[in-house]
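Residue numbers for the sequence shown follow the numbering used here, beginning at 3 and rising by one.
Where is the CB? At the ideal position from N, CA and C, for every residue including glycine.
Model, not experiment: these values are computed from the prediction.
Notes to accompany the following structure.
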Amino acid sequence: MTTVPKSFNFGEDHLTASVAIAIAEGRTNMKLSPTAREKIRSSWKIVQNIVEKGHPVYGINTGFGPLCTTKISKEETKILQSNILKSHSVGVGNPIDKEIAKLMLIVKAHSLAKGFSGISEATLDRIIWHIDHDAIPVVPSQGSVGASGDLAPLSHMFLPIIGLGKVAYKGETISTSQLFEKTGLQSLELGPKEGLALINGTQFIAAHAIKVVEKLHSCLSQADIIGAMMIEGLQGSIKPFYNELHALRPFKGNMHVAKRIKRLLKGSQIMESHADCERVQDPYSLRCIPQVHGASRTSWLHLKELLEVELNSVTDNPIIIDEELTISGGNFHGQPLAMALDYACLAASEIGNISDRRIYLALEGNSPGVPKLLMDDTGINSGYMILQYTTAALASENKGLCFPASADSIPTSLGQEDHVSMGSISGRKALQVIDNVEKILAIELLTAAQAFEYRKPMKSGILLDKVHKELRKRVSFAKKDRVFADDIEIGIAMIKDQTIMKVIDKTKKEKKISFKTPYFNEFEVF
């Protein structure tokens, strides 16, 4: 399990996906230290000096995008910053989840607190107020191309600072003016560069990536557990998980998964009962679990590592280095995460794909003792036949969502932004796919448990036995047809709540069972 600190210093401490989530959930307190505040004040003073001297610096005393050569007077610099929030608030579609919007605020606060953005203390304190009081701006889901940062969603995110937009607050969505009435807050007047600092950045993409890291890790962990249950139910072989095999092709993800599966199956009477059977090999969906789940683990690890770099970076523009150096660069470009999110989207889809194949395998009736369609009295009963229709539909839908958004680029800003990442779409698609995978895994859990039942009175190892018993508290063995949608909903709730992972963790602690592999910190800590 990932442990998180009790407190976090914006701009100084190392932010990870789990720490960001802990801040969002109120488990970790956040603050600005005196050191961070001094850096913020220093950067802000540099911006004021630029305005006083009148030397043209992009976004401070010039227009934006294709208007970068248009000089803005000292008197108009403040109007420019509020105008950019208004003009760039063009998002459409359903609002993003409140949690993701809150993560955007957290990631943005950490980036601004590093002291390279020219933001004022007052503005950053207001952002932290919104986090601390759970007054989360309403952000439309569509409209970002992920290049000059996530311009449209970030503009909506920070409209409340200037008294506009809407917020989710105490269980309802209200206007910012209503929020001000309830709290006594007033709108802030943005200084030079502040509007641009707020809306330039990759926080929409990064916040989605945080949830992808969290939710995909959950799917990967549960896929191993459910896959091991299916191996038992269908009397699969233990040999494809031997260390001797994987040492000859030592991909970290593969070896990690193989060791986990082997540990889950340890002590199983079911596995021991057919150790000397005449079956030569299993279908790929059982035999190649380490290779397929392992490849998806590798993709997850890649995203986790890149995300940690992004979470601790400065991604707005221009960057205030010091009194002598201000750089208008491309740190806001979303390509580094866009490509990794597309890779993670494919990795998630493949977990659903192989899960669907195991479900189909369980229905075929080719495993001794397990009836066709996982039910004895078929004909009048269809058994589990149609559940696999659902997983086939979900797996197919995921394939369509796997087209990489980052492969596309449509020029914007009259050609000034002539290559964009589309990373916001990468993040949204990845979460859609993961949501579908959770449903597929729920159905595999039901079918694996049904097959598992036909191995009685033989017992599994203690870990999987506990998982099976937990499921049976909620979903009974099916002797005849019923409304399986009800079972599926229970299964989905268990997957989303990580019920079977909690059962495994509790049993490990009680029985002092080690589940660590040489790669535990890489694949289990985020």
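Looking at the DSSP output, PHE479 bridges to nothing.
When DSSP assignments are scanned along the segment 263-290, the uninterrupted stretches of alpha helix (DSSP H) that are 4 or more residues long and fall wholly within it turn out to be 271-275 and 286-289. In its chain, beyond the 5 residues on either side, PHE66, SER157, GLY197, LEU198 and ILE201 have a beta carbon closer than 8 Å to the beta carbon of ILE86. Annotation for GLY354: THR393, LEU396, ALA397, ASN400, VAL435, ASN438, VAL439, ILE442 and LEU443 place their beta carbon closer than 8 Å to its own, counting only its chain and skipping 5 residues before and after.
By DSSP's assignment, PRO459 forms no beta bridge with any residue. Beta-carbon to beta-carbon, LEU288 and MET231 are separated by about 11 Å, too far to satisfy the 8 Å threshold. Burial state of THR185 is exposed, judged by a 10 Å Cβ sphere holding fewer than 16 other Cβ atoms. In this structure, LYS306 keeps its C-beta atom at 9 Å or more from the C-beta atom of PHE10. CA-to-CA, the gap between PHE405 and SER35 works out to about 44 Å. Collapsing the DSSP output to three states places GLU174 in a strand. Under DSSP, the beta-bridge partners assigned to LYS168 are SER177.
Residue range 94-97 is occupied by the beta strand (DSSP E) that includes GLY95.
Taking 9 Å as the cut-off, the beta carbon of GLY229 is found no closer than this to the beta carbon of SER408.
Secondary structure at PRO155: helix, using DSSP grouped into helix, strand and coil. Straight through space, the alpha carbons of LEU266 and ALA453 are spaced by roughly 17 Å. Excluding sequence positions up to five before and after GLY93, its CB lies within less than 8 Å of the CB of VAL141, PRO142, SER143, GLN144, GLY145, SER146, ALA154, PRO155, SER157 and HIS158, all in the same chain and listed in chain order.
Between THR30 and LYS8, the beta carbon gap of about 6 Å places them in contact (Cβ cut-off 8 Å). The alpha helix (DSSP H) runs of length 4 or more contained entirely in the segment 77-138 are, from start to end of the chain, 79-89, 100-114 and 123-134. Of the other Cβ atoms in all chains shown, 16 or more fall within 10 Å of the Cβ of LEU17; this residue is therefore buried.
Looking at the DSSP output, GLN144 shares a beta bridge with VAL94. In this structure, SER223 keeps its C-beta atom at 9 Å or more from the C-beta atom of GLU14.
Take ILE74, set aside five residues on each side of it, and the residues of its chain with a beta-carbon closer than 7 Å to its own are ASN63, THR64, GLY65 and LEU82, in chain order. For ASN11, there is no enclosing alpha helix (DSSP H); the residue is part of the beta strand (DSSP E) that begins and ends at 9-11. Across the structure, SER45 and GLY173 are spaced so that their CA atoms are roughly 37 Å apart. Setting aside the 5 residues that flank it on each side, ALA450 is surrounded in the same chain by ILE228, MET231, MET232 and GLY235, each with a C-beta closer than 6 Å to its C-beta; the list follows chain order. Boundaries for LYS518: no beta strand (DSSP E) harbours it, and the DSSP string shows neither H nor E there. For the segment 183-254, the continuous alpha helix (DSSP H) assignments of 4+ residues that do not extend past its boundaries occur at 196-201, 205-235 and 245-248, in sequence order. Boundaries of the alpha helix (DSSP H) harbouring MET341: 337-365, taken from the DSSP string. Taking 8 Å as the upper bound for CB-CB distance, ALA249 and LEU105 are not in contact here, some 40 Å apart. Counting other Cβ atoms within 10 Å of its Cβ, ASN523 stays below 16 and is therefore classed as exposed. Contact between MET377 and GLY385 holds, since their C-beta atoms are separated by about 3 Å, short of 8 Å. A contact between stretches requires three or more CB pairs, one per stretch, nearer than 8 Å, and the segment 249-265 meets this requirement with the segment 292-299.
Assignment of MET32 by DSSP, reduced to helix, strand and coil, places it in the strand class. Here GLU325 carries a coil assignment [DSSP, helix/strand/coil].
When the Cα atoms are used, ALA115 and THR328 turn out to be separated by approximately 17 Å. For ARG484, there is no enclosing alpha helix (DSSP H), as DSSP marks it with neither H nor E.
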